[in-house]
Each structure stands twice: as C-alpha cells, then as structure tokens.
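First comes the structure, then the notes that go with it.
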Amino acid sequence: MLEDNKTVFHLIGGSADEQDLALTLAENLTEDDSIEMDDIAVLAQAEGIDPVTKEGDESDRVRALVEDGVSVKACSNTLAMFDLDESDLVDGVETVSSGVGELTRLQNDGYAYIRP
Amino acid sequence: MLEDNKTVFHLIGGSADEQDLALTLAENLTEDDSIEMDDIAVLAQAEGIDPVTKEGDESDRVRALVEDGVSVKACSNTLAMFDLDESDLVDGVETVSSGVGELTRLQNDGYAYIRP
Amino acid sequence: MLEDNKTVFHLIGGSADEQDLALTLAENLTEDDSIEMDDIAVLAQAEGIDPVTKEGDESDRVRALVEDGVSVKACSNTLAMFDLDESDLVDGVETVSSGVGELTRLQNDGYAYIRP
Numbered sequence: 206m207l208e209d210n211k212t213v214f215h216l217i218g219g220s221a222d223e224q225d226l227a228l229t230l231a232e233n234l235t236e237d238d239s240i241e242m243d244d245i246a247v248l249a250q251a252e253g254i255d256p257v258t259k260e261g262d263e264s265d266r267v268r269a270l271v272e273d274g275v276s277v278k279a280c281s282n283t284l285a286m287f288d289l290d291e292s293d294l295v296d297g298v299e300t301v302s303s304g305v306g307e308l309t310r311l312q313n314d315g316y317a318y319i320r321p
Numbered sequence: 206m207l208e209d210n211k212t213v214f215h216l217i218g219g220s221a222d223e224q225d226l227a228l229t230l231a232e233n234l235t236e237d238d239s240i241e242m243d244d245i246a247v248l249a250q251a252e253g254i255d256p257v258t259k260e261g262d263e264s265d266r267v268r269a270l271v272e273d274g275v276s277v278k279a280c281s282n283t284l285a286m287f288d289l290d291e292s293d294l295v296d297g298v299e300t301v302s303s304g305v306g307e308l309t310r311l312q313n314d315g316y317a318y319i320r321p
Numbered sequence: 206m207l208e209d210n211k212t213v214f215h216l217i218g219g220s221a222d223e224q225d226l227a228l229t230l231a232e233n234l235t236e237d238d239s240i241e242m243d244d245i246a247v248l249a250q251a252e253g254i255d256p257v258t259k260e261g262d263e264s265d266r267v268r269a270l271v272e273d274g275v276s277v278k279a280c281s282n283t284l285a286m287f288d289l290d291e292s293d294l295v296d297g298v299e300t301v302s303s304g305v306g307e308l309t310r311l312q313n314d315g316y317a318y319i320r321p
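Residue numbers (this note's numbering), protein chains in the order written: chain F, 206 to 321; chain R, 206 to 321; chain X, 206 to 321.
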C-alpha cells in the first residue's frame, strides 16, 4: 500500500459534458475531507486541450485549480497539432513532451489514474 | 509484481451501451478461469449511477454481481446531485465519500483500474 | 518508483475517431524521446477490436505498431462474440483469455494504463 495519495485526471475528450465532468471530479477530490492528497494532476491532450487554453470556455475553472495547487499539464504534441504555443495556455499550466509519456511517468511514480 | 489480483471498474458514462459494456466486463472477469481474483469492485458515479439504483434498467445484473461477491460502490456526491439516498440503491451497494477519493484509495491499495 | 517504463493502451471504443486517437497515442509513445519504454502494449476488445483485424480500416497502422515492437493483444471473448478467429487478426496480434484479465495482469506487473 502506497503512503502518498497522488492522482492524475486524464482530460482527453472533446465534448463539453466530458470536460465539465473531468474538472468537477478534480474539484471534488480537492474538497474530499476523507482523503489527504499529496498531489492532484490534470493532463490535457487531444480534444481535451481546450479548457486549459486562455480562450477555453472553462479556463476560469482551470485557473482556480492551478491556484488551488493542482498540477495542470498540457501535451506539446497537441499544442503543435492545433497550432498553439505556451502563451496560449492558462498561466501556470506546464507543457510536457508527450501526454502519454507523462501519464506513464506519473503512474510509475505512484499516481492513481482516473479517466472521466 | 503484486501478489493479489484486484480490479476496479469505473462506471461513469450515461449511455446504455457503455453501462452494459461495463457490467459485461465485470461479469467476464468473474468468469475468467485464467486468473484468480482477490477482489473485483465497481465504482459508480455521475451518469453511471443509474445501474446501481433499484429503479435502474440494469439493477438485476448489479444485484447478481453483489451476490457474486463483487464490491459495488456509489459516490455520495453523485447521490446528493441526483437527490438520491442510500435506500434508493440496490441492496448491498456501499456508499463512499467521493468516487475519486475511493478510486485513489483502491489504486494505492493495488487495484488495477479499468474504464470501459 | 518503478524502474521499468511499461504502458498499456485500452482500445475499446467503436468510433473511428476514438480508434484513430488510441493508435496515434501509441505511436506518439514510441516516438517520445524523453522516455525510454521497456514495453508498449495495446489491448483491443469489444467494439475496439476492428483495427486489429485484417479487414479493419486501420490494420496498416496496427501492422506497423507490431513491426515496431508494440505488443498487440485481442480479447478472445470479443472474438467469440463477433464470430472471429485468430486467422482474422493482423499477423503478430496475440489472443488473451479475457481483455479484463489481461489488463489486471499487466497493471499488476507495473504497466501504466491509458484509456484514450
């Protein structure tokens, strides 16, 4: 049994409902008093990139998560695909080489994986 | 390599096809003779809550899973959101503080995660 | 922290977009120079079986993944359900007793799980 509680949410779908749910679940985990979290991460890629961009409809919620200490990460392959760069991302969102490489690293490091 | 075989299925989608598939996969795992399972869990939340309610179209299959020893859990945030309480759930379904907290705890405890 | 980097992609959805994305992500991981992978697996089941069949629209990409050393596995429950047999699969695709049993074994053996 692991000592640390760490979780990554995989934000990958393009539907507004799915993106809303992913953010709601991340918010729920920050608010669950029954578990002390050591880290919460959100990995955005493919069609799931929109909420972590400044122009995204849900960017305010992503900004609040970042301010709450959630590690929000964006896949650089996805940025290239949609012709975005780091300046298009909500402040505090980190860029990673590939979303799938980062998901592998995080799970190896003991993060639970949740795909809303 | 872990000694125990434990798996949690994440039942989260609202489509009937997706819910049917999630239950079918849980049933398949109880029936796979090539692997000895120490625990099988199903975590229902968001739109995926319906099958674990008494009124749900698939409640008979959930009842059979519970009788077969599968641990079926419902997210209390979801119950509050849909104005449900424990008495609305199939007998034997357990309530957990938050679905995402429970998924974190289970994976920390060595459960594999499957999102149908 | 695990020493080995191993990841399994769960190919389960029936939409062409979702199947394309799953294959793209597996390809991305083979190409990510920032992480040295010890194994990459793709587990196909349910509606996600199509790309790993010889007649599948994406069979060329699956063939290329196999040639690139990716372990591609097909669920035998799914083959039975769709009246397929091993000869219908792309050469090099392995059959497993149940997709969910294999996903449990792989995660127990340290594989990260990614559900595109």
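The C-beta atom is built at its ideal place from N, Cα and C for all residues, glycine as well.
- The DSSP-derived three-state label of residue 248/F is strand.
- Where residue 216/F is concerned, the enclosing beta strand (DSSP E) starts and stops at 211 to 216.
- Cβ-Cβ separation between residue 259/R and residue 295/R: approximately 6 Å, consistent with a contact (criterion under 8 Å).
- If you draw a 10 Å sphere on the C-beta of residue 237/R, you find 16 or more other C-beta atoms in it, and that means buried.
- Within chain F, no C-beta atom comes less than 9 Å from the C-beta of residue 256/X; the nearest is roughly 17 Å away.
- Taking C-alpha positions only, residue 299/R is separated from residue 228/R by approximately 17 Å.
- Note that the C-beta distance between residue 234/X and residue 242/X is below 8 Å.
- Around the beta-carbon of residue 239/F, fewer than 16 other beta-carbon atoms lie within 10 Å, marking it exposed.
- Close to residue 303/F, with beta-carbon spacing below 9 Å, are these residues of chain X in chain order: 230, 233, 234, 236, 237, 239, 240.
- Taking the Cα of residue 216/X as reference, the smallest distance to any Cα among 267/X, 209/X, 244/X, 208/X is reached at 267/X.
- As computed with DSSP, residue 318/R is found in a beta bridge with 213/R.
- Taken atom to atom, the span from the alpha-carbon of residue 319/X to that of residue 256/X is near 17 Å.
- Membership of residue 299/X in any alpha helix (DSSP H) is not indicated; the residue belongs instead to the beta strand (DSSP E) covering 299 to 301.
- Taken through DSSP and simplified to helix, strand or coil, residue 276/R comes out as strand.
- Note on residue 285/R: under 16 other CB atoms within 10 angstroms of its CB, so exposed under the neighbour-count rule.
- Listed by position along chain X, the residues whose Cβ is nearer than 9 Å to that of residue 210/R are 306, 309, 310, 313.
- For residue 320/F, the chain R residues whose Cβ falls inside 9 Å of its Cβ are 215, 217, 318, 320, in order along the chain.
- Secondary structure at residue 270/F: helix, using DSSP grouped into helix, strand and coil.
- By the Cβ neighbour-count rule, residue 317/R is buried, with 16 or more other Cβ atoms within 10 Å of its own.
- Neighbours of residue 251/R in chain F, taken as residues at a C-beta separation under 7 Å, are given in chain order as 226.
- Within its own chain, the residues whose Cβ lies closer than 8 Å to the Cβ of residue 264/X, once the five positions on either side in sequence are excluded, are 256, 257, 258, 295, listed in chain order.
- When the Cα atoms are used, residue 297/X and residue 252/F turn out to be separated by approximately 31 Å.
- Bridge pairing for residue 258/X: 294/X [DSSP].
- Residue burial annotation: residue 304/F is buried, with at least 16 other C-beta atoms found within 10 angstroms of its C-beta.
- DSSP places residue 286/F in the uninterrupted alpha helix (DSSP H) bounded by 281 to 286.
- Contact between residue 275/R and residue 231/R holds: their C-beta atoms lie close to 6 Å from each other, under 8 Å.
- Less than 8 Å separates the beta-carbon of residue 309/X from that of residue 210/R.
- Sequence-distant partners of residue 293/R (beyond 5 residues in either direction) whose C-beta falls short of 7 Å from its own C-beta, in its chain, are 258, 259.
- In the DSSP assignment, residue 236/R falls within the unbroken alpha helix (DSSP H) covering 221 to 236.
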